[in-house]
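Here the protein sequences come in this chain order: A and B. Mapping to UniProt numbering: the first sequence position 160 is 160, numbers consecutive. Mapping to UniProt numbering: the second sequence position 173 is 173, numbers consecutive. All residues carry an ideal CB built from backbone N, CA and C; glycine is no exception. Keep in mind the model is a prediction, meaning the values are calculated, not measured.
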Amino acid sequence: MLIYRGLSRISRISKKTSFGRRWLPSHPLLSGASHSAAAAAADSSVKDSGNISLSKTREAYSWSLPALHGIRHQIHHQSSSVIEEQLDPFSLVADELSILAKRLRSMVVAEVPKLASAAEYFFKMGVEGKRFRPTVLLLMATALNVRVPEPLHDGVEDALATELRTRQQCIAEITEMIHVASLLHDDVLDDADTRRGIGSLNFVMGNKLAVLAGDFLLSRACVALASLKNTEVVTLLATVVEHLVTGETMQMTTSSDQRCSMDYYMQKTYYKTASLISNSCKAIALLAGQTAEVAILAFDYGKNLGLAYQLIDDVLDFTGTSASLGKGSLSDIQHGIITAPILFAMEEFPQLRTVVEQGFEDSSNVDIALEYLGKSRGIQKTRELAVKHANLAAAAIDCLPENNDEDVRKSRRALLDLTHRVITRNK
Amino acid sequence: MLIYRGLSRISRISKKTSFGRRWLPSHPLLSGASHSAAAAAADSSVKVLGCREAYSWSLPALHGIRHQIHHQSSSVIELDPFSLVADELSILAKRLRSMVVAEVPKLASAAEYFFKMGVEGKRFRPTVLLLMATALNVRVPEPLHDGVEDALATELRTRQQCIAEITEMIHVASLLHDDVLDDADTRRGIGSLNFVMGNKLAVLAGDFLLSRACVALASLKNTEVVTLLATVVEHLVTGETMQMTTSSDQRCSMDYYMQKTYYKTASLISNSCKAIALLAGQTAEVAILAFDYGKNLGLAYQLIDDVLDFTGTSASLGKGSLSDIQHGIITAPILFAMEEFPQLRTVVEQGFEDSSNVDIALEYLGKSRGIQKTRELAVKHANLAAAAIDCLPENNDEDVRKSRRALLDLTHRVITRNK
Chain A
1 MLIYRGLSRI SRISKKTSFG RRWLPSHPLL SGASHSAAAA AADSSVKDSG NISLSKTREA
61 YSWSLPALHG IRHQIHHQSS SVIEEQLDPF SLVADELSIL AKRLRSMVVA EVPKLASAAE
121 YFFKMGVEGK RFRPTVLLLM ATALNVRVPE PLHDGVEDAL ATELRTRQQC IAEITEMIHV
181 ASLLHDDVLD DADTRRGIGS LNFVMGNKLA VLAGDFLLSR ACVALASLKN TEVVTLLATV
241 VEHLVTGETM QMTTSSDQRC SMDYYMQKTY YKTASLISNS CKAIALLAGQ TAEVAILAFD
301 YGKNLGLAYQ LIDDVLDFTG TSASLGKGSL SDIQHGIITA PILFAMEEFP QLRTVVEQGF
361 EDSSNVDIAL EYLGKSRGIQ KTRELAVKHA NLAAAAIDCL PENNDEDVRK SRRALLDLTH
421 RVITRNK
Chain B
1 MLIYRGLSRI SRISKKTSFG RRWLPSHPLL SGASHSAAAA AADSSVKVLG CREAYSWSLP
61 ALHGIRHQIH HQSSSVIELD PFSLVADELS ILAKRLRSMV VAEVPKLASA AEYFFKMGVE
121 GKRFRPTVLL LMATALNVRV PEPLHDGVED ALATELRTRQ QCIAEITEMI HVASLLHDDV
181 LDDADTRRGI GSLNFVMGNK LAVLAGDFLL SRACVALASL KNTEVVTLLA TVVEHLVTGE
241 TMQMTTSSDQ RCSMDYYMQK TYYKTASLIS NSCKAIALLA GQTAEVAILA FDYGKNLGLA
301 YQLIDDVLDF TGTSASLGKG SLSDIQHGII TAPILFAMEE FPQLRTVVEQ GFEDSSNVDI
361 ALEYLGKSRG IQKTRELAVK HANLAAAAID CLPENNDEDV RKSRRALLDL THRVITRNK
């Protein structure tokens, strides 16, 4: 199911000077970072950070303390002679995102007014969400740019480049439509009251219209997909829809054993969260005419980024913006959704499983579970797993074919930066 | 919006001897059947002159007379269209069940729900599509090695069967979602999925079927076909939304109703017929004919459906299930009646939660010619569908001719059915 490429790629990375930001290039621990090094607790003393304990490089991504973020930057600058601006990945693509947003709103115009307002609901100005996925896809598109080696007439080259870019932007739009469609249908399922800070569509307009609006978006996505005239891409994104459904159903209909299984959880998480971004990254690569190998690298980036994102999401649901437990919204556990921290804790404390099986409608069970969680290393292990996936994502970028174009390199740095941000974010 | 090709095509038909079944070939009424001829009430005496009435009445006796007319005008044996494709349909049904197998058991049983043996519905759409596939067969003119020709033919057939499967998946997905919308308890004689398993799973199962349909579509590697069927999904949604969210003026408008009916009922079959033609490598003209057949057949089907909701298996009003009007859905018979009796509109605007309003509406309907006009409109569309078949390029292959006759027969059956 999940392919762990191990540390071999990481050591390969150390040889590439311009991207040696994650690890000190020649540190002995590179060849076999031990778990004990990574075993320091998330909220252990500042002593460690003051030490600049290079052996604990993995923890660099476990902590969200600003001080350590600064130290990490110092490590970056020491290890590389290339002065790289610290770029905000989101600002690199902000203008393009605005264009996409406008186009997206026009793509969901519908004949029937109610359907139009339903479909647009989540594309309104200010409610577009973090726009994380389109950002990744646009950066990936630039990162995979294949320049025409013999410059043709500038006009032709530009036209080809523009057409490709438009098609890749279309993938980003399609991805958003599929994503929002699944939100609309999920909200029907979950009776969610709010989504993105405003009333969920079904709360405001009724389940019926939410289902129809989701279907409408899916059909528009299909039409847009067809217009790309690339059946492999159509298959990729159609499979995504199937995965979203499968993931949601897995979440709804688990047996007791499945709920307590880490493998089942990771599979479900892939379907629900990572499949969309991994397959759309791959589609970006295919449209760019890249080789199958590069397409797989793009896929791996998306997959691992998505998994890392979700694992941190699971942690934040418990910790919120603080490092301690119980300050998060706790919405997963209250809905009976068992996530990675609890699953890890259950490995250490089998008696927690009994509590889990009783369910969490009784809030005292929530408190008991939190207690076990606090005693366990569930949060830390989840962070570590997230870091592992973030690094795999970064490794995929580093394996892309060399390219000296400045825009390409900027975008690749931005993609790497995203692998840090998904880990260090605290909300 | 709707293109009426008029009677010119019908007179063209009369010259084709083998298909001259619908009309007496040289009857004066062909050139300009007047409304008065068709104005005879459904239960009036048997008048052979009233060719159009032949399709308005559902009395068995008249069915027999129609057959006599057929035999007088043609030496071809009457075929049952459904039996022509029954074996193939079984294969499709098996394949369909395997296509909706899912990893997660609950999803699998949800998706399969309507593909189970015995619950497949009338399988009307797949029948039409398989017949259309044969009817549009383009034989390789110079016979190659038999193996090659057969392989090509088989591959094409498989692809066309795939269209039929995709169409069923899209159709069932829309049923699953519509049932969520309508809080329906039963569908096809068994508990609706949402009633049995909950709204959540019904929505997911519908999405699952749609995604499988998309994957199957992609495998055909024909982007025009993908666009056609993706547009169908959009039309289904638009049609359902039109039904849910009408203003008062819209509800009372025949144009709005026909547009909605096209979206909800006819678009699926028209576009999939067109897809069949495209896969067969037919010209754009033939593809449009296939589209027209499907569209008009679908519209005729729905209009008779509307009538049957009032009349049921009898010819008189009020014996039908009346489910449309009780759900506040205003259909063609009522719309026609409103043209004659504007005061009916007031009742319609009040709504039909009060069942006494239903009785009042039925009374107006009975006084009006709403039922008859709806039947006439259905006949008009059925004839347009038949006309499209007759315009297909000539073909002497016996299977092709059989299928085309079967398609014509369907245009009669949609009109004469009484349930």
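Please report how far the alpha carbon of residue i lies from the alpha carbon of residue j, in whole angstroms.
i, j, result
"A:Ser-255", "A:Arg-353", "13 Å"
"B:Glu-353", "B:Leu-407", "41 Å"
"A:Thr-231", "B:Val-101", "23 Å"
"B:Lys-319", "B:Thr-313", "8 Å"
"A:Cys-281", "A:Ala-172", "9 Å"
"A:Gly-6", "A:Asn-304", "Because A:Gly-6 sits at a pLDDT of 37, beneath the cut-off of 50, its placement in the model cannot be relied upon, and the point is left open."
"A:Ala-414", "A:Thr-382", "24 Å"
"A:Leu-137", "A:Ala-161", "16 Å"
"A:Leu-139", "A:Arg-412", "7 Å"
"A:Val-188", "A:Ser-182", "10 Å"
"A:Gln-169", "B:Ser-356", "57 Å"
"A:Leu-343", "B:Pro-81", "59 Å"
"B:Arg-405", "B:Ala-93", "24 Å"
"A:Val-180", "A:Asp-88", "25 Å"
"B:Glu-340", "B:Leu-303", "19 Å"
"A:Glu-248", "B:Pro-342", "51 Å"
"B:Pro-393", "B:Ile-330", "40 Å"
"B:Asn-383", "A:Arg-167", "44 Å"
"A:Leu-100", "B:Ser-267", "30 Å"
"B:Val-215", "B:Val-225", "13 Å"
"A:Val-408", "A:Val-93", "13 Å"
"B:Met-99", "B:Met-169", "10 Å"
Is the shortest distance between the beta-carbon of residue i and the beta-carbons of chain A less than 8 Å?
i, result
"B:Met-117", "Annotation note: pLDDT 49 at B:Met-117 (below 50); position unreliable, coordinate value reported separately. No, because no Cβ of chain A sits closer than 8 Å to the Cβ of B:Met-117."
"B:Thr-311", "no"
"B:Ala-218", "yes"
"B:Val-104", "yes"
"B:Asp-207", "yes"
"B:Asp-399", "no"
"B:Lys-419", "no"
"B:Lys-200", "yes"
So, does the CB of residue i fall closer than 8 Å to a CB anywhere in chain B?
i, result
"A:His-179", "no"
"A:Phe-216", "yes"
"A:Val-204", "Only weak support is given to the placement of A:Val-204: the predicted model assigns it a pLDDT of 49, under 50, and the question is left unresolved by the model."
"A:Lys-303", "no"
"A:Val-234", "yes"
"A:Ser-331", "no"
"A:Lys-208", "yes"
"A:Arg-220", "yes"
"A:Leu-212", "yes"
"A:Ala-143", "no"
"A:Ala-274", "no"
"A:Val-188", "yes"
Using only the heavy atoms of the ligand COA, determine whether one of them is closer than 7 Å to the beta carbon of residue i.
i, result
"A:Cys-170", "In the structure on display, the ligand COA does not appear, and there are no ligands present to speak of."
Under 8 Å between C-beta atoms, does residue i make it to chain C?
i, result
"A:Lys-229", "In the displayed structure, chain C is absent; the protein chains listed are A and B."
Inter-stretch contact at 8 Å, needing at least 3 Cβ pairs: the region 353-371 of chain A / the region 326-340 of chain A
yes
Any C-beta of chain A within less than 8 Å: which residues of the region 317-331 of chain B qualify?
none
Determine, using beta-carbon pairs with one atom in the region 201-217 of chain B and one in the region 234-247 of chain B, whether at least three such pairs fall under 8 Å.
no
In chain order, what residues of the region 157-186 of chain A put their CB closer than 7 Å to some CB of chain B?
His-185
With a threshold of 8 Å, are at least 3 pairs of Cβ atoms found where one atom belongs to the region 377-396 of chain A and the other to the region 98-113 of chain A?
no
If we count Cβ pairs, one from each stretch, closer than 8 Å, do we get three or more for the region 277-292 of chain B versus the region 155-174 of chain B?
yes
With 7 Å as the limit, tell me which residues of the region 230-241 of chain B have their beta carbon closer than that to any beta carbon of chain A; keep them in chain order.
Ala-230, Thr-231, Val-233, Glu-234, Val-237, Thr-238, Glu-240 and Thr-241
Contact set between the region 237-261 of chain A and chain B, restricted to residues whose Cβ is under 7 Å from the partner
Ala-238, Thr-239, Val-241, Glu-242, Val-245, Thr-246, Glu-248, Thr-249, Met-250, Met-252 and Thr-253
Chain-ordered residues of the region 280-309 of chain A with a beta carbon less than 9 Å from chain B
none
With a cut-off of 8 Å, do at least 3 Cβ pairs link the region 237-246 of chain A to the region 272-281 of chain A?
yes
Against chain A: residues of the region 256-273 of chain B by CB proximity under 7 Å:
none
Check whether the region 367-380 of chain B touches the region 331-346 of chain B, taking contact to mean three or more Cβ pairs, one atom from each stretch, closer than 8 Å.
yes
Give the residues from the region 154-172 of chain B that approach chain A closer than 7 Å (Cβ to any Cβ), ordered along the chain.
none
Between the region 288-300 of chain B and the region 383-394 of chain B, are three or more C-beta pairs nearer than 8 Å?
yes
Closer than 8 Å is the cut-off here; do at least three beta carbon pairs connect the region 216-225 of chain A with the region 259-275 of chain A?
no
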